[in-house]
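Heads up, the thing below is written out as structure tokens.
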Amino acid sequence: MPTRVLTVAADRPGAYPTIGSALLEAPDGATVAIAAGTYAETLELTGRSVTLQAEDGAEVVLDGSGADWPTVRAVDGSLTLRGLVVRALDHFAISVDRTELTVEQCTVTGRTRSAISVHASTAFTVDRCTVSGAETGIVVEGASGQILDTTVREISGDGIVVGLGADPLIRGCTITTCGGRGVYVYQYSRPELTDTEIANTGTEGVGVAHGSTPVVRRVTVHDTRGPAITFAPGCGGTVEALRPSNTAEPALLLADGVTVEVIDASQAAASGGGQVDELLGELDQMVGLPGVKAEVRGLVDEIQVDEWRRTAGLSVGAVSHHLIFAGAPGTGKTTVARLYGKLLKALGVLPKGGFTEVSRRDLVGQYIGHTAEKTAQVFEKSLGGVLFIDEAYTLSRSAGNGGDFGQEAIDALVKLMEDHRDEIAIIVAGYTAEMDDFLAANPGLASRFSKTVEFENYSPSELLRITGRMVAGGDYQLDPAAGPPLTSYFDRIAHGANFGNAREARRLVEGMRKAQSQRLRALGRMPTTDELRSLLPDDVQVAAGS
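So in my numbering, the last spot in the sequence shown is 546, and the numbers never skip.
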């Protein structure tokens with residue numbers, strides 16, 4: 001069933017005059033599209049699942065400043081607010097309990113209470129919002145979720161408060177001009193605070209108390225009356241690559257008995273530097289691929305220089321770690337993708353560096369809605385590492401059977417890539433021409449990828465070297481006289497339509513082992529060790545002809 005859309009416009013015939021009147025008739029899952037204007041309303045939702053969003057380009061103000069209860073209150077449901085201005089004075093602007101909340105591109109203001117309060121919710125997202133003017137900007141208690149690319153400013157008390165064991169991700173935010181702390185973490189909470197700027201606070205930038213154990217990574221704190229970060233007794237966590245400037249001393253204040261792992265920027269670089277060199281050495285040991293190796297080294301150089309710029313207090317542009325690997329099968333795309341994930345972990349970009357390889361069947365479901373669910377599950381499993389989608393072009397509509405479900409997977413991926421752009425590296429792989437069709441399947445898809453890396457076919461001499469490595473890896477030995485027939489074979493098949501590059505070499509080695517087995521069984525005696533190891537020109541000829 002398509003989503004029910006109800007339109008609110010006070011002066012438009014046929015539309016609902018108020019948001020409240022639309023909600024009275026809106027079924028669960030409905031979207032309420034609101035025309036430009038100021039709506040002096042407060043909304044209370046219990047057990048409802050709805051989306052409230054501004055019409056395209058419309059400035060919609062939901063003004064509850066005349067009431068002494070929340071402007072928007074939701075309990076036991078699901079609520080999405082998109083593109084709205086939500087105002088309050090003497091109460092919460094947005095308050096939810098046990099509700100899956102999404103607030104996107106909204107401006108939220110208050111005065112005497114919290115602008116946004118999230119309590120006991122299993123999931124929430126505050127994304128690209130501006131929160132200002134309240135006593136507390138955002139309060140998260142006993143909830144899991146994320147605050148992304150959001151500005152919290154001109155707050156009389158604390159900018160963001162995390163309590164009651166909450167564990168949100170706070171990433172890419174700016175928290176400034178707060179009378180209290182920029183972020184206050186208490187009551188055994190475990191947030192992750194990363195790539196965020198905190199400035200102009202009346203006390204410390206980040207305060208940690210009551211047994212809490214946050215992870216604070218690459219956070220800039222400057223111009224604060226108190227230290228950059230304080231940890232009270234009984235607390236723990238990790239502070240990595242903290243960048244303090246013009247704060248009270250010491251910038252990192254640790255009470256006696258705290259168990260905090262402190263990694264400064266130089267330590268982080270040093271701890272990962274040796275591993276980065278080792279991984280680049282593995283890359284160099286791969287046969288051929290000079291262009292690919294140069295591209296990967298260039299990406300590593302850019303990441304490292306960006307970190308040095310951050311440490312020096314210089315601006316750093318947004319960097320996407322999503323890549324397109326274009327080329328035929330068997331050219332090393334999967335191997336390089338695995339190494340790329342390990343490199344991103346060693347560089348401190350991704351926490352896990354894991355590798356998940358999927359294809360169309362892992363993402364596409366059998367009915368409408370199933371695909372988005374499967375795609376989200378695979379995506380969440382891959383967070384912190386690399387998600388490698390082989391033959392990604394089969395997801396586009398032009399790829400044949402079930403194309404529309406494949407399109408659903410693409411659309412879901414585009415949204416997830418935007419929401420989690422610093423938490424995962426997605427690599428899509430396939431033939432060069434077909435990947436152009438894949439990128440055209442969604443208007444926002446191409447912009448999500450930073451670079452296309454071209455994998456050229458191996459030359460016959462490179463395939464000979466790959467074959468030699470496969471043979472040696474299986475504890476076999478290739479007779480020197482087998483070299484010419486192998487080269488001749490690769491010369492003959494290299495330009496065929498079904499040429500499989502390194503896969504062809506692997507198939508040939510298996511055929512050579514089979515031919516050797518048949519030859520040795522025909523001896524009528526127990527072969528010697530040298531005979532058991534040796535692969536002869538005749539074995540090549542048999543395998544090449546099979």
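Just so it is clear, CB atoms sit at the ideal spot from N, CA and C, and this is done for glycine as well.
Asked	Found
In three-state DSSP terms, what is residue 430?	strand
Given a cut-off of 8 Å, decide if residue 319 and residue 300 are closer than it, judged by their beta-carbon atoms.	no
For residue 158 and residue 239, I'd like the C-alpha separation in whole angstroms.	20 Å
Is it buried or exposed, residue 523, if we count other Cβ atoms within 10 angstroms and call 16 or more buried?	exposed
As a quick exercise: from 110, 140, 143, 150, pick the residue whose alpha carbon is nearest that of residue 133.	110
Return helix, strand or coil for residue 250, following the three-state DSSP convention.	coil
Per DSSP, residue 244 is paired with what?	221
Alpha carbon to alpha carbon, how far is residue 269 from residue 308?	Unreliable placement is indicated for residue 269, whose pLDDT of 48 sits below 50; no coordinate value is reported for it.
Taking the beta carbon of residue 314 as the centre, do at least 16 other beta carbons fall within 10 Å, making it buried, or is it exposed?	exposed
Run through DSSP, which three-state label would residue 258 get?	coil
Less than 6 Å between C-beta atoms, sequence neighbours within five positions excluded: which residues of the same chain meet that for residue 92?	70, 113, 114, 117
Give me, in chain order, the residues of the same chain whose beta-carbon lies closer than 8 Å to that of residue 4; leave out the 5 immediate sequence neighbours on both sides.	26, 27, 29, 30, 31
Secondary structure at residue 366, three-state DSSP: helix, strand or coil?	coil
So, helix, strand or coil for residue 398, using DSSP?	Residue confidence is low: residue 398 scores 48 on pLDDT, short of 50, so the model does not pin down where it sits. No coordinate-derived value is stated.
Could you check which residue in 208, 184, 427 has the C-alpha nearest to that of residue 254?	208
Output the distance between the C-alpha atoms of residue 220 and residue 186, rounded to the nearest integer angstrom.	21 Å
Buried or exposed, going by whether 16 or more other CB atoms sit within 10 Å of the CB of residue 381?	exposed
Taking residue 388 as part of the alpha helix (DSSP H), name the residues at either end of that continuous run.	Run containing residue 388: none in the alpha helix (DSSP H); it sits in the beta strand (DSSP E), 386-389.
Taking C-alpha atoms, which residue in 338, 141, 216 lies nearest to residue 171?	216
Under the rule that 16 or more other beta-carbon atoms within 10 Å means buried, what is residue 370, buried or exposed?	exposed
What would DSSP say about residue 39, mapped onto helix, strand or coil?	strand
Does the distance from the C-beta atom of residue 292 to that of residue 358 stay below 8 Å?	no
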